[in-house]
Amino acid sequence: MALPSLNGMRAFEAAARLGSIKEAAEELHLTPSAVSRHIRTLETTLGQDLFERGFRQVTLTTRGSYYARSLSEAFEAIWRATDDVSFHDGPRQAKAHRVRVLCVPPVLNLWLADRLPGFRRQHPSVDLEVMTSGKRANFDLAIVDEFDYKAGPALTLLIPLVLTPVCAPSLLEGPLPLRSPGDLIHHHLIHECETTRWKRWLEQEGIVDSPSKSGTIMDDCTAIMRETINGVGIALADTMMAQDLLEQGRLVAPFGARHTYPAGIYLYQRRSIGNKQGASLFQDWLLAEVAEHKRAMAIG
Numbered sequence: 350m351a352l353p354s355l356n357g358m359r360a361f362e363a364a365a366r367l368g369s370i371k372e373a374a375e376e377l378h379l380t381p382s383a384v385s386r387h388i389r390t391l392e393t394t395l396g397q398d399l400f401e402r403g404f405r406q407v408t409l410t411t412r413g414s415y416y417a418r419s420l421s422e423a424f425e426a427i428w429r430a431t432d433d434v435s436f437h438d439g440p441r442q443a444k445a446h447r448v449r450v451l452c453v454p455p456v457l458n459l460w461l462a463d464r465l466p467g468f469r470r471q472h473p474s475v476d477l478e479v480m481t482s483g484k485r486a487n488f489d490l491a492i493v494d495e496f497d498y499k500a501g502p503a504l505t506l507l508i509p510l511v512l513t514p515v516c517a518p519s520l521l522e523g524p525l526p527l528r529s530p531g532d533l534i535h536h537h538l539i540h541e542c543e544t545t546r547w548k549r550w551l552e553q554e555g556i557v558d559s560p561s562k563s564g565t566i567m568d569d570c571t572a573i574m575r576e577t578i579n580g581v582g583i584a585l586a587d588t589m590m591a592q593d594l595l596e597q598g599r600l601v602a603p604f605g606a607r608h609t610y611p612a613g614i615y616l617y618q619r620r621s622i623g624n625k626q627g628a629s630l631f632q633d634w635l636l637a638e639v640a641e642h643k644r645a646m647a648i649g
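Under the working numbering, read the sequence shown as residues 350 to 649, first letter to last.
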């Protein structure tokens with residue numbers, strides 16, 4: 350049989366790899382409707398469905414999964430061959446040591462930034478560029494936060510979101526001491542974007558009463574940590590937000606109770622970085638740092 354349209358194969362492979370029609374459209378610089386149309390045309394050509402379609406989500410069929418894996422391997426080979434012979438971004442040796450990393454601001458500001466000098470000391474030849482905004486497809490590696498149910502096959506879980514209350518040391522023995530999680534309802538709670546995380550955490554501790562004091566809602570994790578250090582209230586922090594501040598004694602975790610949230614920090618790896626030495630070095634270093642973080646914070 351004749352090969353199907355290349356546009357259809359590219360659209361299907363991207364949607365299958367990213368687990369999202371929308372993200373595939375962003376990577377391919379198309380509209381979601383165009384990606385869907387290309388996939389439908391491909392399915393018609395092949396005479397079978399490649400996705401099982403549900404409400405706002407698509408799931409690969411058994412044959413679709415096999416086809417997607419085979420296409421990914423083929424496109425990866427094309428990317429590597431093209432990258433090897435291309436001088437568009439400079440000689441191959443220079444490109445191999447240039448690494449572009451996308452990182453969500455909380456992880457960069459509260460955890461990664463203080464560790465980057467260690468990477469630069471180990472690998473001074475790597476030209477590292479770290480940004481906090483942009484499309485994942487434009488970077489070699491991306492460190493992103495994502496709800497677990499939205500994380501596609503192109504993402505690798507680095508660490509789950511493990512949440513625990515943190516506060517300034519002065520609050521431990523203040524007028525309203527913190528001796529058990531039940532004492533939290535009498536304190537000013539600081540929320541990240543919305544109140545769901547605190548509500549869920551308190552319910553997991555068997556606390557269903559609403560806090561009697563007012564709370565603050567902020568969308569910047571770094572600002573939340575500053576407010577907490579200043580004794581304004583108590584924040585619910587994940588381990589990457591809190592590790593360094595806890596070790597420095599600027600914050601304390603008054604309780605041993607920690608609960609996971611259905612989200613995590615994930616790593617996205619752009620296709621064809623396998624032949625980029627700098628990207629491989631950074632990824633190996635990052636995984637080692639995450640492993641050390643898990644050990645230090647007793648995360649299994």
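Every residue, glycine too, gets a C-beta built ideally from N, C-alpha and C.
**Q.** Endpoints, beta strand (DSSP E) assigned at Ile-578
**A.** From DSSP, Ile-578 is part of no beta strand (DSSP E) but of the alpha helix (DSSP H) over 570 to 578.
Q. In three-state DSSP terms, what is Pro-509?
A. strand
(Q) Is it buried or exposed, Pro-514, if we count other Cβ atoms within 10 angstroms and call 16 or more buried? (A) buried
Q.
Buried or exposed for Glu-541, going by 16 or more other Cβ atoms inside 10 Å?
A. Burial call: buried.
Q. In the structure shown, what three-state DSSP assignment does Leu-585 receive?
A. strand
Q. Any idea which residues DSSP pairs Cys-452 with across the strands?
A. Ile-492
Q) Are at least three pairs of beta-carbons, each pair with one atom in the segment 421 to 429 and one in the segment 368 to 381, less than 8 Å apart? A) no
Q | CB contact flag (Thr-393, Pro-509, <8 Å) | A | no
Q) Which same chain residues, not among the five before or five after Phe-631, have their C-beta less than 6 Å away from its C-beta? A) Val-448
**Q.** Closer than 7 Å: Asp-532 CB and nearest the ligand ATP heavy atom
**A.** The ligand ATP is absent from the structure shown, which contains no ligands of any kind.
Q | Candidates Gly-531, Asp-569, Pro-524: closest to Glu-543 by CA position | A | Among Gly-531, Asp-569, Pro-524, the Cα nearest to that of Glu-543 is on Asp-569.
Q) What's the C-alpha gap between Ala-591 and Glu-638? A) 15 Å
Q.
Using only CA atoms, which one of Ala-500, Val-450, Arg-386, Lys-484 lies nearest to Ile-614?
A. Ala-500
Q) Between Ala-443 and the rest of its own chain, which residues show a CB-CB distance below 7 Å, the 5 nearest in sequence each way excluded? A) Bear in mind that the predicted position of Ala-443 carries a pLDDT of just 48, short of 50, making it unreliable; the figure below should be weighed with that in mind. Within the same chain, Ala-443 has no close Cβ partners at all.
Q | Every unbroken alpha helix (DSSP H) inside the segment 595 to 628 [4 residues or more] | A | Whole alpha helix (DSSP H) segments, 4+ residues: zero.
Q. Met-567 and Ile-539 look like a contact to me (Cβ under 8 Å); what is the Cβ gap, rounded to whole Å?
A. About 7 Å separates the two Cβ atoms, so the contact holds.
Q. Can you tell me the Cα-Cα spacing of Arg-528 and Met-646, whole angstroms?
A. 21 Å
Q: To the nearest angstrom, report how far apart Arg-359 and Phe-496 are at their CA atoms.
A: 26 Å
(Q) Please give the ranges of any beta strand (DSSP E) in the segment 351 to 406, keeping only runs that are unbroken, at least 3 residues long and fully inside the region. (A) Correct list: 400 to 403.
**Q.** Burial state of Pro-459, where buried means 16 or more other Cβ atoms lie within 10 Å
**A.** Per the sequence presented here, residue 459 reads as Leu, with Pro not at that position. By the neighbour-count rule (16 or more Cβ atoms within 10 Å), Leu-459 is buried.
Q: Measure the Cβ-Cβ separation of Glu-376 and Ala-365 and say whether it is below 8 Å.
A: With respect to the 8 Å criterion, Glu-376 and Ala-365 are not classified as neighbours on the basis of their beta carbons.
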